[in-house]
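Worksheet: the structure to be examined is printed underneath.
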Amino acid sequence: MRAEASAVTAPAVELDLDLDVFDGPFDLLVTLILRDEIDIWEVRVSRIIAEYVLRLADSGEFDLDATSQFVVLVAALLEMKSRLLLEDEVEDELEDLDPDEAARQLLERLVRYGQFRNAAAMLRGRWADHAAALYRSAPIPPALLRRPDPEALLPQRALVDALAPLLREPPVPDTSHLADLAVSVVRELRRLRRLLDDGGRFTFGAVAPKGRLERAVTFFALLELHASGEARLRQTRHFGEIEVTRCLQPAVAG
Amino acid sequence: MDDLSRRLEALLYIAPRPVPAADLAASCEGDEADVARALGELAEEYAEGRHGLRLREVAGGFTFAVADDCADTVRRHTGLERPEDLSPALLETLSVVAYLEPVTRADVAEVRGVSSEWTLAGLQERGLVEERGRAATPGAPILYATTERLLKLFGLRSRDELPPLEEFALEAGEVEEIRARLLGNAARRRA
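So, in structure tokens, the structure goes:
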């Protein structure tokens, strides 16, 4: 219990600082400020916070207790500092901030707080002894529930009937109306070459498939045959039939 | 065991929560002194090491609890886990609520010197603290109080079993030390 009480005055926050006026652990800085050996005017609290946030980010760990302690201490430092600022500017209202009175109030608060902190240590002990206990427990009887038990309202059969269609495997959807868009110029080329080999000639209209995309692919294949010199294309008028004939001596590529 | 002890055993077997001795006496149509004696006998029967259960007095009544050395087996079977330990901040907030209840969030913050919204929410989530109406002060803030679960988890018969807060007062030496430091600061500041 003594250790808990002394923790009120010296909590542990691990943070090494490198400030203009101070180089060392945060705890020491707080102690020195409390002893008035360092003037809080000189301390840039924002730097301390920045350092702490950086350290948190670097360590990748988040210790809630240590961080809470830190926040409490920094808040206290900020309050001290802002009070000092106020004292300077509001000279007339100094009565409220009489150092003796402030110290007395703070003492009262610390003493009161210390009590609860010690009581918390007692609770911790009891928790360690008792929290794992397993007591007899049972649900509240359905008759006493303010909201009626849904199972009582709904016959089991109805639930089964409602669930059954949901559990059944749905039929595989019919996708026959969706065109297979997988078309390949290479495959068309192969097909057209075979047609040329077999008959030596054909017309585009006779061999081209119905679909627009497939038709376009066939046309590309045709152009490919023309480019490589394997076939000769002839069209007598615009949008007329394209006649394809085999070249007996394909031109050498290049 | 005598007849009354056996009937008490049956009652405690069926009761879902701790049953106050007075209720047990009423159900058994016996007087409280007899029931107290019979409960003693029952506790003897369920003394440590005899059964998988113990008779416990907790949260304002009597109930059966799993014997400590059987708890792990029960946890394995039920999948129940040990309650997670409470952080110092949660314990501190809990001690304020337990000793001052019903309290508002502002009361707690005033004692601790820090905002206690998060810790109160944490205690509510763990079922240790619950909302208990609103204060009749401006703004009608929510009042918080401890739960029956708290009594069980801390092994308390009732809130009265908590030691008086005065027992936890800082010792004179500690107070003097703080006072000297604070007054010293104040004197230097004035100078």
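Residue numbers (the working numbering), protein chains in the order written: chain C, 417 to 670; chain A, 1072 to 1262. Glycine included, C-beta positions come from ideal geometry on N, C-alpha and C.
Open item on the list: Please state the DSSP three-state secondary structure of C:I454.
Closed with: coil
Open item on the list: Please list, in chain order, the residues of the segment 1210-1227 of chain A that have any C-beta partner in chain C closer than 8 Å.
Closed with: K1223, L1224, F1225, G1226, L1227
Task: Three-state secondary structure (DSSP) of C:D439 - done: strand
- [ ] Would you kindly work out how many angstroms separate the C-alpha atoms of A:L1191 and A:T1208, rounded to a whole number?
- [x] About 20 Å.
Task: Simplified DSSP assignment, three categories, for C:F655 - done: Assignment of C:F655 by DSSP, reduced to helix, strand and coil, places it in the coil class.
Task: Cβ contact check for the segment 1178-1188 of chain A and the segment 1150-1158 of chain A: 3 or more pairs under 8 Å - done: no
Open item on the list: Using C-beta distances below 8 Å, list every residue in its chain close to A:A1093, excluding the 5 sequence neighbours before and after it, in chain order.
Closed with: E1103
Open item on the list: Taking 8 Å as the threshold (C-beta atoms), are C:L523 and A:L1241 in contact?
Closed with: no
TODO: Output the distance between the C-alpha atoms of C:F442 and C:Y468, rounded to the nearest integer angstrom.
DONE: Those two C-alpha atoms are separated by around 10 Å.
Task: For C:D434, the first and last residue of its enclosing beta strand (DSSP E) - done: 432-434
TODO: Determine, using beta carbons only, whether C:Q683 comes closer than 8 Å to chain A.
DONE: Past the boundaries of the shown model lies residue 683 of chain C; chain C is included only from 417 to 670, so the question cannot be answered.
Task: Other residues of its chain near C:H654: CB distance less than 8 Å, five sequence neighbours each side excluded - done: Excluding positions up to five away in sequence, the list is empty.
Open item on the list: Measuring straight from C-alpha to C-alpha, what distance separates A:T1218 and A:E1201?
Closed with: Their backbone Cα atoms lie some 6 Å apart in a straight line.
Task: Chain-order list of residues whose beta-carbon lies under 7 Å from that of A:K1223 (same chain, five-residue window excluded) - done: Excluding residues within five positions, the ones whose Cβ falls inside 7 Å are V1129, A1130.
- [ ] Could you name the residues of the same chain whose beta carbon sits closer than 8 Å to that of A:S1229, not counting the 5 residues immediately before and after it, in chain order?
- [x] Taken in chain order, the residues that qualify are A1130, G1131, L1222.
Task: Neighbourhood of A:V1137 by C-beta, 6 Å cutoff - its chain only, sequence neighbours within 5 removed - done: V1145
Open item on the list: Helix, strand or coil, according to DSSP, for A:R1220 in the structure here?
Closed with: Note: A:R1220 maps to helix in three-state DSSP.
Open item on the list: With the cut-off set at 8 Å, would you say C:L493 and C:I454 are in Cβ contact?
Closed with: no
Task: Closest by C-alpha distance to C:V490, when choosing among C:I465, C:L501, C:D474, C:L502 - done: C:I465
TODO: Kindly indicate which three-state DSSP category A:G1204 falls into: helix, strand or coil?
DONE: strand
Task: Exposed unless 16 or more other CB atoms sit within 10 angstroms - verdict on A:T1164 - done: buried
Task: Residue closest to C:R631, alpha-carbon to alpha-carbon, out of C:P589, C:R584, C:A536, C:E604 - done: C:E604
- [ ] Measure the C-alpha to C-alpha separation of A:L1075 and C:S553 and round it to an integer number of angstroms.
- [x] 23 Å
TODO: With a threshold of 16 other CB atoms inside 10 Å of the CB of A:Y1084, please say whether the residue is buried or exposed.
DONE: exposed
TODO: Give a yes or no on whether 8 Å exceeds the smallest Cβ distance from C:V446 to chain A.
DONE: no
- [ ] Tell whether a beta-carbon distance below 8 Å holds between C:G621 and C:E585.
- [x] no
TODO: Name the residue from C:F636, C:L629, C:Q651, C:E430 whose alpha carbon lies nearest to the alpha carbon of C:L480.
DONE: C:E430
Task: Where A:G1226 falls: helix, strand or coil (DSSP) - done: coil
- [ ] Inspect the beta-carbon positions of A:A1107 and A:D1073 and report whether they are closer than 8 Å.
- [x] Result no, Cβ atoms of A:A1107 and A:D1073 do not sit closer than 8 Å.
TODO: Determine the extent of the alpha helix (DSSP H) in which C:R617 is found, giving its start and end residues.
DONE: Per DSSP, C:R617 belongs to no alpha helix (DSSP H); it is in the beta strand (DSSP E), 617-619.
- [ ] Please list the segments of the alpha helix (DSSP H) lying wholly inside the segment 1085-1133 of chain A, counting only runs of 4 or more residues, in order along the chain.
- [x] 1092-1099, 1103-1116
- [ ] Let me know if A:A1118 comes out buried or exposed under the rule of 16 or more other beta-carbons within 10 Å of its beta-carbon.
- [x] exposed
Task: Interface flag, C:A482 vs chain A, CB-CB below 8 Å - done: no
Open item on the list: Please tell me whether A:G1226 and C:D545 are closer than 8 Å, where the distance is taken between their beta carbons.
Closed with: yes
Open item on the list: Beta-carbon within less than 6 Å of A:A1180's beta-carbon, same chain only, minus the 5 sequence neighbours each way: which residues are those?
Closed with: S1186, S1187
- [ ] Taking C:R542 as the query, report the chain A residues whose CB atoms sit under 7 Å from its CB, ordered along the chain.
- [x] At a C-beta separation below 7 Å, C:R542 has these neighbours in chain A: F1225, G1226.
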